[in-house]
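Heads up, the thing below is written out as structure tokens.
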Amino acid sequence: MSLEVSASPAKVIQNAGKDSTRRSANYHPSIWGDHFLQYTCDTQETDDGSNVKHLELKKEIRRMLKADNKPSRTLQLIDAIQRLGVSYHFESEIDEILGKMHKASQDSDLCDNENDELYYISLHFRLLRQNGYKISA
Numbered sequence: 001m002s003l004e005v006s007a008s009p010a011k012v013i014q015n016a017g018k019d020s021t022r023r024s025a026n027y028h029p030s031i032w033g034d035h036f037l038q039y040t041c042d043t044q045e046t047d048d049g050s051n052v053k054h055l056e057l058k059k060e061i062r063r064m065l066k067a068d069n070k071p072s073r074t075l076q077l078i079d080a081i082q083r084l085g086v087s088y089h090f091e092s093e094i095d096e097i098l099g100k101m102h103k104a105s106q107d108s109d110l111c112d113n114e115n116d117e118l119y120y121i122s123l124h125f126r127l128l129r130q131n132g133y134k135i136s137a
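To convert, note that position 39 of the sequence shown is 39 in UniProt numbering; the numbers rise steadily by one, no gaps.
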């Protein structure tokens, strides 16, 4: 089974001379024209009001993460932050919280009575594994 494949430049050049005219598809011009090629967005510049609001919201999330509330609520908050794709703003806080939870789960073999539900156990397991902590199944 041998296939001879030849891509000699001489044949390609000869064929190019024969079919030098292309057929046109006669597409109608777009109703949009080239508006979006020339459009420049001016909203790239942010005003100080939105920056201040952004910083206030980040402080609020940090406060919520550092608050000593139930571990199940903290896990849900970390999960929501990661799913929204803004966890890079709070990496140190999330690592600190998950480190404490990992240390607590390593120190005591018994599960918390509060987190006996399968959802919270699986959320705890997934978040620790996703963030690089070794935890047994």
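Glycine included, each C-beta is placed from N, C-alpha and C at the ideal position.
**Asked** Buried or exposed: which applies to Tyr27, given that a residue is buried once 16 or more other Cβ atoms fall within 10 Å of its Cβ?
**Response** Tyr27 should be labelled exposed.
* Asked: Closest to Gln130 by CA distance: which of Trp32, Leu75, Ala67 and Asp116 is it?
  -> Leu75
Q) How big is the Cα-Cα spacing for Tyr133 and Arg63? A) 24 angstroms
Query raised in the report: Near Arg83, which residues of its chain fall below 8 angstroms by C-beta distance, leaving aside the five closest residues on each side in sequence?
Result: Apart from sequence neighbours up to five positions away, no residue of its chain approaches Arg83 with a beta-carbon distance below 8 angstroms.
Quick check on the burial criterion: 16 or more other C-beta atoms within 10 angstroms. Buried or exposed for Ser105? buried
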